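In my numbering, the protein residues as written are 306 to 485.
We put the CB at the ideal spot given by N, CA and C, even for glycine.
Quantities reported herein were computed from a predicted structural model and do not represent experimental measurements.
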Amino acid sequence: LSPEQGAPFQRRWREAEERYGRIRDHARQLTERMDLLLECLERLQSRLQSRPSVRGDTAHLRELIRENTNSDTTLQSQWSCLRGRCQEQECWLRELLALAERFWHGLSELALTLSDTQQLVLGLEEAGGEPEALREEIDSLQGELDALGSLGVELMSSCGDPDKPDVTKSLDDVSAGGWG
Numbered sequence: 306l307s308p309e310q311g312a313p314f315q316r317r318w319r320e321a322e323e324r325y326g327r328i329r330d331h332a333r334q335l336t337e338r339m340d341l342l343l344e345c346l347e348r349l350q351s352r353l354q355s356r357p358s359v360r361g362d363t364a365h366l367r368e369l370i371r372e373n374t375n376s377d378t379t380l381q382s383q384w385s386c387l388r389g390r391c392q393e394q395e396c397w398l399r400e401l402l403a404l405a406e407r408f409w410h411g412l413s414e415l416a417l418t419l420s421d422t423q424q425l426v427l428g429l430e431e432a433g434g435e436p437e438a439l440r441e442e443i444d445s446l447q448g449e450l451d452a453l454g455s456l457g458v459e460l461m462s463s464c465g466d467p468d469k470p471d472v473t474k475s476l477d478d479v480s481a482g483g484w485g
């Protein structure tokens, strides 16, 4: 791509990087909260697993029952919160999966189309074909590549650092294979 054609991708890339940072911070905070909830649940579990020696007087037993009820209420509240956060994360991962499937499917389709176009170019060169028809086909593929590049930027911003090299390399390979 020329610098003029690449400018929108660079702008979208910066925006995606900022979105990625916000998503990463949100995921980190969510993980920290879930870890704290788990620690609390583990403490409650260990406390409730053993039966302590108790005095037999009614006031003391009532106090222990009240503490147990409070612990149960706290546990139920934390469980509900933890369950809700896990459901949020599952929803986010399912959306990310759909995005990744669209990207990788689109990339393989574009690679096939580029391969077919290369064969067409070779056939036209040998037969002295029409350059205008070829130009239209290339313009069409450029639009598909641009759309796929945007989808790739969105995927990278959602996934994070581990997938950036795979997505970027795959896009570069398709670009180099089709236009090189």
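Item, Value
"Rounding to the nearest angstrom, what Cα-Cα distance links aspartate 362 and glutamate 368 in this structure?", "10 Å"
"Look up aspartate 362 in the DSSP assignment and say whether it is helix, strand or coil.", "coil"
"DSSP three-state call for arginine 440: helix, strand or coil?", "helix"
"Does DSSP classify tryptophan 484 as helix, strand or coil?", "Per-residue confidence for tryptophan 484 stands at a pLDDT of 48, beneath the threshold of 50, marking its modelled position as unreliable; the derived number appears in the next sentence. Helix at tryptophan 484."
"Starting from the Cα of glutamate 337, find the closest Cα among Phe314, Ala416, Cys391 and Asp471 and give me that residue.", "Cys391"
"What is the DSSP secondary structure of arginine 356, counted as helix, strand or coil?", "coil"
"Cutting at 6 Å between CB atoms, please list the residues of its own chain near glycine 428, excluding the five before and the five after it.", "none"
"Expressed to the nearest angstrom, what Euclidean distance is found between the alpha-carbon atoms of isoleucine 328 and serine 358?", "49 Å"
"Comparing C-alpha positions only, which one of Glu431, Leu335, Gly457 and Asn375 sits nearest to leucine 265?", "Because the chain in this structure spans residues 306 to 485, residue 265 falls outside the shown range and cannot be described."
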